[in-house]
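*Asks:* If you count the sequence shown from 1, position 270 lands on 270 in the UniProt record's numbering, and the numbers rise without skipping.
Glycine is no exception: its CB is placed at the ideal position from the N, C-alpha and C atoms.
Take a look at this one; I'll ask things after.
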Amino acid sequence: MIQDTIAAISTPIGEGGIAIIRVSGDGAVAAVERIFAGKIKLSEVPTHTVHYGHIQDPATKSRIDEVLVTLMRGPRSFTAEDVVEVSCHGGFISVKKVLDLLLEQDGVRLAEPGEFTKRAFLNGRIDLSQAEAVIDVIRAKSDRAQRIAMKQSEGSLSKKIKELRHELVELMAHIEVNIDYPEHDVEEMTNAFIKEKCVKAMEQIERLLATAQQGKILREGIVTAIVGKPNVGKSSLLNTLAQENRAIVTDIPGTTRDVIEEFVNVNGIPLKLLDTAGIRETADIVEQIGVEKSRSALADADLILLVFNGAERLQEDELELITQLKARQTIVIVNKLDLPQQIETDVLLREFGPERVVKMSLLEQQGIADLEKAIASIFFSGQVESSDLTYVSNARHISLFKKAKSSLDEALEAAEAYVPIDMIQIDIRNAWEHLGEIIGDSVGDSLIDQIFSQFCLGK
Ligand SMILES: Nc1nc2c(ncn2[C@@H]2O[C@H](COP(=O)(O)OP(=O)(O)OP(=O)(O)O)[C@@H](O)[C@H]2O)c(=O)[nH]1
Ligand SMILES: [Mg+2]
């Protein structure tokens, strides 16, 4: 059991109506009681109740802030321990003073990032995959990503893993019996049984892994690079999609020097947009670095928005970009439709196909709906839709599922080659262990620390 009591500010730092300090541990109620002045004694009130009063320094009796205190006794709390939440005034000073006073109380210390969630895990209220989903809920940037993360935090993935592991345990038990009581014929049957069970488990893992691509996109956004020659309107496109003047737009070619990142939501599809420096040969050393950055953004992007100025003919370096990008996931934007058109549209249509070429005037805000449609058609085409919202998106989970699958693969091959079944047992056990690691069964302390350190303070 964990002994000490932890406290931290759980709301973002800054001006706001209220701020919440969360306190958790055996001594939580006593610690807050010592600095709380109200009509009641916190140690005597029923759990899950809210109380009005003041925080005051027990030594000087000076009042620090007016507060509401919420009491939640374990195990019916976020951490499964006694939790007290103090809602005080927002801003920089009140909340800091209340926290400092709390930390002066015996046995109370500042929580580490993610420590509240870590305690919920260590106290057995949630498993590791659910705890990880809590970060995803906080970081979700689209409605859908948030819903998926909520599902996972409620245990949707854990349930699937437990079912899979249950099947494997049954299989291992079956094999065990045959190792202990080897009989003629039974071995043959066992082999067939192993194969059937392994294939079934592998299919289920594959189905989960198939959601990984879309799960990652929903979680992190489609990394979308806006590229093209200088002055074609790349930054104008970023500003239009972001609906604010995020990047500097001028008529000077070479305005953007650095990669500008902005998260946008296009009809529910999360895009991580990267506006880049216009690609051209240049003697300017700063611009050269910018062009380098453009090229590396281009290399890593899931989606490319390749922008042209429709009022000019295609140029040499643009033809190069076309060759380089036509096999990639690219949408071509012919901008400046408001000006007399010079561009060889036929070349673009031939290389990319009509559904991937969009005509726009960012100056007059034309063609935005067409672009949104093109993005949606790429994103939704041929993608797996997981109807029950169980997605595998966490890199750690993906790698463990892959390991489990390859262990089962080895078991299957071994069974086919009539390797002695106690050898096959080892592979199946490995698969079972890899799956267990996803929900935090038998994982080491250092991994646990690493996972929870990604959390923000106060969570
Ligand atoms: N006529 C017209 N001008 C446009 C349009 N879109 C952008 N512009 C202008 O084109 C110029 C360049 O726009 P930017 O968005 O800065 O272009 P960029 O591609 O980011 O340029 P660099 O950062 O230099 O690579 C600005 O003067 C814009 O106002 C359009 O649809 N029509
Ligand atoms: Mg620019």
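Can you give the Cα-Cα distance for P75 and E81, rounded to whole angstroms?
*Replies:* Looking up residue 75 in the sequence shown gives position 75. Looking up residue 81 in the sequence shown gives position 81. Taking the straight line from one Cα to the other gives about 5 Å.
*Asks:* Determine the direct distance from the alpha carbon of E355 to that of F308, and round the result to whole angstroms.
*Replies:* As a working mapping, residue 308 is identified with position 308 in the sequence shown. As a working mapping, residue 355 is identified with position 355 in the sequence shown. The straight-line gap from Cα to Cα measures roughly 16 Å.
*Asks:* Short of 6 Å in beta carbon distance, which residues of its chain neighbour S3, apart from the five on each side in sequence? Order them along the chain.
*Replies:* Here residue 3 refers to the residue found at position 3 when the sequence shown is read from its first residue. Checking the sequence shown, residue 3 turns out to be Gln, not Ser. Cβ within range, chain order: n/a, list empty.
*Asks:* Assuming L273 and V259 make a contact with CB atoms under 8 Å, what is their CB distance in whole Å?
*Replies:* Indexing the sequence shown from 1 puts residue 273 at position 273. Indexing the sequence shown from 1 puts residue 259 at position 259. 10 Å between Cβ atoms; not a contact.
*Asks:* Less than 8 Å between the CB atoms is what I'm expecting for I333 and T276, so what's the real figure, rounded?
*Replies:* On the sequence shown, position 333 is the one that residue 333 refers to. On the sequence shown, position 276 is the one that residue 276 refers to. Wrong, their Cβ atoms sit about 14 Å apart, outside the cutoff.
*Asks:* Mind checking who Y391 pairs with in its DSSP beta bridge?
*Replies:* Along the sequence shown, read from residue 1 onward, the residue named residue 391 stands at position 391. None, per the DSSP bridge assignment.
*Asks:* Taking its Cβ as the centre, do 16 or more other Cβ atoms sit within 10 Å of I285, making it buried, or is it exposed?
*Replies:* Along the sequence shown, one-based indexing puts residue 285 at 285. I285 comes out exposed.
*Asks:* Can you give the beta carbon distance from L102 to A31, rounded, assuming they're within the 8 Å contact cut?
*Replies:* Working through the sequence shown from its first residue, we reach residue 102 at position 102. Working through the sequence shown from its first residue, we reach residue 31 at position 31. At roughly 6 Å, the Cβ-Cβ gap stays under 8 Å, so L102 and A31 are in contact.
*Asks:* Quick test of your reading: Q329 and I304, contact by CB under 8 Å. State the CB separation rounded to the nearest angstrom.
*Replies:* The residue you call residue 329 lines up with position 329 of the sequence shown. The residue you call residue 304 lines up with position 304 of the sequence shown. So it is a contact: roughly 7 Å between Cβ atoms.
*Asks:* How is the beta strand (DSSP E) around G38 delimited, first residue to last?
*Replies:* Here the question's residue 38 lines up with position 38 in the sequence shown. Looking at the DSSP string, the run of the beta strand (DSSP E) that includes G38 is F36 to G38.
*Asks:* Could you please give the first and the last residue of the uninterrupted beta strand (DSSP E) stretch that includes residue 461?
*Replies:* Beyond the ends of the chain as shown, which are 1 and 459, falls residue 461; an answer cannot be given.
*Asks:* Going by other Cβ atoms of all chains shown within 10 Å of its Cβ, with 16 needed for buried, is Q383 buried or exposed?
*Replies:* Taking the first residue of the sequence shown as position 1, residue 383 is located at position 383. Only weak support exists for where Q383 lies, its pLDDT of 49 falling under 50; the value from the coordinates is given anyway. The residue is exposed, with fewer than 16 neighbouring Cβ atoms inside 10 Å.
*Asks:* Where does the unbroken beta strand (DSSP E) through R63 begin, and where does it stop?
*Replies:* For the purposes of this step, residue 63 is taken as the residue at position 63 of the sequence shown. Start and end: R63 to M72.
*Asks:* So, helix, strand or coil for T49, using DSSP?
*Replies:* Translated into positions along the sequence shown, residue 49 becomes position 49. Residue state, collapsed to three classes: strand.
*Asks:* Name the two residues that bound the continuous alpha helix (DSSP H) containing K162.
*Replies:* Stepping through the sequence shown from its first residue, residue 162 is reached at position 162. Run containing K162: S156 to D180, per the alpha helix (DSSP H) assignment.
*Asks:* Tell me which same chain residues have a C-beta within less than 6 Å of the C-beta of I20, skipping the five on either side of it?
*Replies:* Against the sequence shown, residue 20 aligns to sequence position 20. These residues qualify, in order along the chain: S10, T11, E85 and S87.
*Asks:* Just verifying my parser: in three-state terms, what is the DSSP assignment at V443?
*Replies:* To locate residue 443, count along the sequence shown from 1; it is residue 443. Here V443 sits in coil by DSSP.
*Asks:* Could you have a look at A59 and say whether DSSP puts it in helix, strand or coil?
*Replies:* In the sequence shown, the residue the question calls residue 59 occupies position 59. If DSSP states are grouped into helix, strand and coil, A59 belongs with coil.
*Asks:* On the CB-based measure, 16 or more other CB atoms within 10 Å of its CB, does V95 come out buried or exposed?
*Replies:* Within the sequence shown, residue 95 is the residue found at index 95, counting from 1. Buried: at least 16 other Cβ atoms inside 10 Å.
*Asks:* Determine the extent of the beta strand (DSSP E) in which D275 is found, giving its start and end residues.
*Replies:* Residue numbering aside, residue 275 sits at position 275 when the sequence shown is read from its first letter. Taken as a continuous stretch (DSSP letters only), the beta strand (DSSP E) holding D275 covers I269 to D275.
*Asks:* Got a sec: does ligand 2 put a non-hydrogen atom nearer than 7 Å to the Cβ of A369?
*Replies:* As a working note, residue 369 is residue 369 in the sequence shown. Every heavy atom of ligand 2 is 7 Å or more from the Cβ of A369, so no.
*Asks:* Following the continuous alpha helix (DSSP H) through K336, name the residue where it begins and the one where it ends.
*Replies:* In the sequence shown, counting from the first residue as 1, residue 336 sits at position 336. K336 -> no alpha helix (DSSP H), and no H or E assigned at all.
*Asks:* Spatial neighbours of I289 within its chain, please: CB distance less than 8 Å, with the 5 preceding and 5 following residues excluded, ordered by chain position.
*Replies:* To locate residue 289, count along the sequence shown from 1; it is residue 289. The answer, listed in chain order, is R257.
*Asks:* Output needed for L400: all residues of its chain with C-beta closer than 8 Å, excluding positions within five of it in sequence on either side, in chain order.
*Replies:* The residue labelled residue 400 in the question sits at position 400 within the sequence shown. For L400, where only same-chain residues beyond five positions count, the Cβ hits under 8 Å are H434, L435, E437 and I438.
*Asks:* Does any heavy atom of ligand 2 sit closer than 7 Å to the C-beta of T323?
*Replies:* The residue you call residue 323 lines up with position 323 of the sequence shown. No.
*Asks:* For A59, count neighbouring C-beta atoms within 10 Å of its own C-beta (all shown protein chains included) and say buried if the count is 16 or more, exposed if not.
*Replies:* Here residue 59 corresponds to residue number 59 of the sequence shown, with the count starting at 1. Under this definition A59 is an exposed residue.
*Asks:* Go through its chain and collect everything with a Cβ distance to T49's Cβ below 8 Å, but skip five positions before and after it.
*Replies:* Position 49 of the sequence shown, counted from the first residue, corresponds to residue 49. Cβ neighbours of T49 beyond the five flanking positions: T70 and L71.
*Asks:* From V199 to L412, what does the alpha carbon distance come to, in whole angstroms?
*Replies:* For this step, residue 199 is matched to residue 199 along the sequence shown. For this step, residue 412 is matched to residue 412 along the sequence shown. V199 and L412: Cα-Cα distance of roughly 8 Å.
*Asks:* Here's the rule I'm using: 16 or more other beta-carbon atoms within 10 Å means buried, otherwise exposed. How should M423 be labelled?
*Replies:* Position 423 of the sequence shown holds residue 423. With fewer than 16 other Cβ atoms within 10 Å, it is exposed.
*Asks:* Would the region 211-218 count as touching the region 131-151 if we require 3 or more Cβ pairs under 8 Å?
*Replies:* They touch, by the three-pair rule.
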